[in-house]
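One structure is given below, encoded as structure tokens.
Number of protein chains: 2
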Amino acid sequence: MAGVSDAVVSYTLNGRAPVAPATAERVREAIRTLGYRPNHTARALKSGSSGAIALIAPRGEDPAFTNPFFTEFAATAEDLARRRGFAFYMASYALDRETVVDRLQEFADRQVDGALIIPDDRRDRRSVAAIDAVGVPWVQVDTVDPIPGASTVGADLYRGGVDATTHLADHGHRRIGYVGHVGDEPRHRAWQDTCRRLGLDPGPALPARFTREGGYAAASRMVRAGDLPPALFAASDLVALGVLRAFHEAGVAVPDDVALVSFDGSWEAEYSWPALTSVRQPIEEMADAALTQLLAADSADSSEPTDPPDAADGLEASDGLAQRHRRERHSVFPGRLVLRASCGTH
Amino acid sequence: MAGVSDAVVSYTLNGRAPVAPATAERVREAIRTLGYRPNHTARALKSGSSGAIALIAPRGEDPAFTNPFFTEFAATAEDLARRRGFAFYMASYALDRETVVDRLQEFADRQVDGALIIPDDRRDRRSVAAIDAVGVPWVQVDTVDPIPGASTVGADLYRGGVDATTHLADHGHRRIGYVGHVGDEPRHRAWQDTCRRLGLDPGPALPARFTREGGYAAASRMVRAGDLPPALFAASDLVALGVLRAFHEAGVAVPDDVALVSFDGSWEAEYSWPALTSVRQPIEEMADAALTQLLAADSADSSEPTDPPDAADGLEASDGLAQRHRRERHSVFPGRLVLRASCGTH
DNA sequence: ATGAAAGCGCTAACAT
DNA sequence: ATGTTAGCGCTTTCAT
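If you want it as structure tokens, here you go:
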């Protein structure tokens, strides 16, 4: 219709070759009136890239994305990816029946340009090698510790734990408890270290899965044991919500009997009763960094390793390897304590 | 490696032509050892179908999928779609900045086989024609009323509203209020009709958007007006959560001062305080019906209209047109009242 | 039962 | 600045 070859249409659309302004206008005109849309499938077949980025998230045991933190992250990442000109699709996995690799393969078969991966709550020990084998650039978000050989992004859980515990201590509580993952978990260590450093009596530490049910079960145990600390740090909003329910049922008043601070700062924390004081996850920063790292890894695939990446955002893990392998980058961002009613100081 | 042409590999994989058992085995063997994966992009280019289904959901004004009902629906639909052998991807839209059609186009450019569309809260008046123009089979879920020319699935909101109101009336409340969309909204009409039918005094009807904030604002107004009915029907869990917060702040006890029943039955309703009695959405049935209708529309595209579809599930809208156009089908499923603490009868 | 060959809609050399 | 051509990895006639 514009009287040109298909190549020229491609040139006008992608700017990979010069096109006379007049021709370009004719082409665009034709595109408009014809309602032409480039077939991304064909484009992907030819170029190996589909202009899409995927997010792969865990679904937990429940038949839902029960964690508002994930949905907030997903929405934010989607927005940022689109702003960078990528389509953004999401799929989820239930660890019992399927794996991250299954989902990633599906996306790979459709030529996605990269994937953001959220690991499962349950310390999912996937091998970096298996994911790498799929051949799609990827970045793991919501990461606790750096993973050798992988590009990762996470919140500074340790520092968040220190902030939460310190806040409680600052307001006079001499005994502070903990609910959440225990052991090799930064928030747990942060609570321990802070109590020790401030010479506080560490209250009970109750192991709990990062779910509402986990928090409920743990707090119920606490109530039955009759050992209620005057202050409590819950390692996630979901856990805190479960704790709140158990306390309500037992007639334990928050914050009067027990002051509560949690972690995540999702919107659910705002509409609970009482509203939760919580360390807000740096969602936007993490999403942005993840995308940046993903896209950097992408371009690094084709070009020779030249300069180290401009270490812009986040506190780079000062890992000597980061220079050699662009993929091995770990960015960490601090959270921010949001004061609401549950800590009793607001 | 198997010593056969690429055509035979295709035959083995897709069964579109007979393959000798021995050859098939050699091919599969080669596929295994080579780790070969068919390129869905090429397949889609050739066949026009990528074996993927999309879900397009609204994101609301907040930077998140704030409605747990949607995330539950998404997870369920994803599961069911995979069981039927389709990959399932999800994308969302923020009505202020983008449209369903934008997202659908992106998916169409990548040859999805069909799309499930969740309309926006805000009575989003999209034209069926614009969506149809994209050329991808689609089904609208979470639909209030049938849409001429479209295939739709929804919950029986009217009946749910009747059940909720009746439950409150059954337990002695002679005056019942309402919070939610008003006017042309089945739950509102159901509340009105039921109050009238039972000779009850309809309490205040407060218009509210289907968000936590909407419920909070409406209930705050109610408190300020000093007109608290002994019982209240909130048209969604989100609204009820907002109501709960306003009541807590004002020292209004639920269910003692006001008995509350809501609609959706999402998990958030279970961990609020008090836990919400709610009409549970028939999520699984809706997701299954939506997929069935989508896939039926799909095959109807190619084949001549023959027999009417086996009207299996749901109460078919007895619309004479449904026979002529397979796409025009509206399935409605009843919800189920789940008793918890907020209604005070449990 | 299997192979040869064409073509899906693009992009990228390579001409001109 | 634009056209010609080849080819991305499949599926599908059409032969054999």
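These protein sequences, in sequence, are chains A and B.
In case it helps, the working numbering puts the first sequence at residues 61 to 406.
In case it helps, the working numbering puts the second sequence at residues 61 to 406.
Glycine included, C-beta positions come from ideal geometry on N, C-alpha and C.
Among the residues of its own chain, which have a CB less than 8 Å from the CB of residue i, if the five just before and after it don't count?
{"i": "glutamate 330 of chain A", "result": "Leu336 and Arg400"}
{"i": "glutamate 273 of chain A", "result": "Gly302"}
{"i": "arginine 144 of chain B", "result": "Leu351 and Leu355"}
{"i": "arginine 142 of chain A", "result": "Phe148"}
{"i": "alanine 80 of chain A", "result": "none"}
{"i": "histidine 406 of chain B", "result": "Thr337, Leu399 and Arg400"}
Could you tell me which residues DSSP pairs with residue i in its beta bridges?
{"i": "arginine 396 of chain A", "result": "A:Arg340"}
{"i": "phenylalanine 148 of chain A", "result": "A:Ile113"}
{"i": "alanine 135 of chain A", "result": "BP columns for alanine 135 of chain A are empty, so no partner."}
{"i": "serine 107 of chain A", "result": "None; serine 107 of chain A has no bridge partner."}
{"i": "glycine 63 of chain B", "result": "Paired residue(s): none; glycine 63 of chain B is not in a bridge."}
{"i": "tyrosine 452 of chain A", "result": "The requested residue 452 of chain A does not occur in the structure, where chain A is confined to residues 61 to 406."}
{"i": "serine 391 of chain A", "result": "A:Val213"}
{"i": "threonine 175 of chain A", "result": "The amino acid at residue 175 of chain A is misidentified as threonine; the sequence shows alanine. The partner list for alanine 175 of chain A (beta bridge, DSSP) reads A:Ala114 and A:Trp198."}
Can you give me the Cβ contacts of residue i inside the same chain, cut-off strictly under 6 Å, excluding the 5 residues immediately before and after it?
{"i": "alanine 53 of chain A", "result": "No statement about residue 53 of chain A is possible, as the shown extent of chain A runs from 61 to 406 and does not include it."}
{"i": "methionine 61 of chain A", "result": "Ala90"}
{"i": "glycine 404 of chain B", "result": "Pro315 and Ala319"}
{"i": "serine 402 of chain B", "result": "Val314, Pro315, Leu320, Pro334, Leu336 and Thr337"}
{"i": "leucine 258 of chain B", "result": "Ala229"}
{"i": "aspartate 379 of chain B", "result": "Low confidence applies to aspartate 379 of chain B: its pLDDT is 42, below 50, so where it sits in the model is not reliable, and the reading given next is rough at best. Around aspartate 379 of chain B: no qualifying Cβ."}
{"i": "glycine 214 of chain B", "result": "Thr203 and Val392"}
{"i": "proline 267 of chain A", "result": "Val242"}
{"i": "proline 262 of chain B", "result": "Cys255"}
Residues in the same chain with beta-carbon distance under 7 Å from residue i, minus the five sequence neighbours each way, listed in chain order, please.
{"i": "aspartate 287 of chain B", "result": "Pro264"}
{"i": "alanine 134 of chain B", "result": "Leu115, Ala117 and Met150"}
{"i": "arginine 119 of chain B", "result": "Phe125, Ser152, Tyr153 and Ala154"}
{"i": "proline 290 of chain A", "result": "His233, Arg235, Val318 and Ala319"}
{"i": "leucine 304 of chain A", "result": "Val314 and Ser332"}
{"i": "aspartate 216 of chain B", "result": "Val392, Phe393, Pro394 and Gly395"}
{"i": "serine 65 of chain A", "result": "none"}
{"i": "histidine 385 of chain A", "result": "Low confidence applies to histidine 385 of chain A: its pLDDT is 44, below 50, so where it sits in the model is not reliable enough to give any reading."}
{"i": "valine 58 of chain A", "result": "Outside the shown range of chain A, which is 61 to 406, sits residue 58 of chain A, and nothing can be said about it."}
{"i": "alanine 285 of chain A", "result": "none"}
{"i": "valine 87 of chain A", "result": "Ala62, Val64, Val68, Val69 and Thr72"}
{"i": "alanine 190 of chain B", "result": "Val161"}
Within 8 Å, do at least three Cβ pairs link the stretch 343-353 of chain B to the stretch 128-136 of chain B?
yes
With three or more C-beta pairs closer than 8 Å as the rule, is the stretch 247-257 of chain A touching the stretch 223-230 of chain A?
yes
Ignoring anything shorter than 4 residues, give me the alpha helix (DSSP H) runs that lie fully in the stretch 290-352 of chain A, in order along the chain.
297-310
Is the stretch 100-114 of chain A in contact with the stretch 315-324 of chain A, if contact means three or more CB pairs nearer than 8 Å?
no
Please specify which runs of the beta strand (DSSP E), each continuous and at least 3 residues long, are wholly inside the stretch 210-285 of chain A, giving them in chain order.
212-215, 235-240 and 261-267
The stretch 86-102 of chain B: which residues have C-beta closer than 9 Å to a C-beta of chain A, in chain order?
Gly95, Arg97, Pro98, Asn99, His100, Thr101 and Ala102
Note down, in chain order, all residues in the stretch 274-296 of chain B with a beta-carbon under 7 Å from any beta-carbon belonging to chain A.
none
By the 9 Å beta-carbon criterion, what residues does the stretch 324-335 of chain A contribute toward chain B?
Ser326, Trp327, Glu328, Glu330, Tyr331, Ser332, Trp333, Pro334 and Ala335
Using 8 Å as the threshold, is the stretch 292-301 of chain B in touch with the stretch 227-241 of chain B, meaning 3 or more CB pairs across them?
yes
Mind checking the stretch 164-180 of chain B against chain A and listing, in chain order, the residues whose C-beta falls within less than 9 Å of any C-beta there?
Gln165, Glu166, Phe167, Ala168, Asp169, Arg170 and Gln171
Output, in sequence order along the chain, the residues in the stretch 254-273 of chain A whose CB is closer than 7 Å to any CB in chain B.
Arg272
Got a sec: which bits of the stretch 61-89 of chain B sit with their beta carbon under 9 Å from any beta carbon on chain A, in order along the chain?
none
Contact residues within the stretch 220-246 of chain A, judged by C-beta distance below 9 Å to chain B
none
Please go through the stretch 182-208 of chain B and give each complete alpha helix (DSSP H) segment of 4 or more residues, from N-terminal end onward.
188-194
Selection of the stretch 134-153 of chain B by Cβ proximity to chain A, strictly under 9 Å
Ala134, Ala135, Thr136, Glu138, Asp139, Arg142, Ala147, Phe148, Tyr149, Met150, Ala151 and Ser152
Short of 8 Å Cβ to Cβ, which residues in the stretch 387-403 of chain A face chain B?
none
Counting only Cβ-Cβ distances shorter than 8 Å, please list the residues of the stretch 293-317 of chain B near chain A, keeping chain order.
Leu301, Gly302, Leu304, Arg305 and His308
What residues in the stretch 102-113 of chain A have a beta carbon less than 8 Å from any beta carbon of chain B?
Ala102, Ala104, Leu105, Ser110 and Ala112
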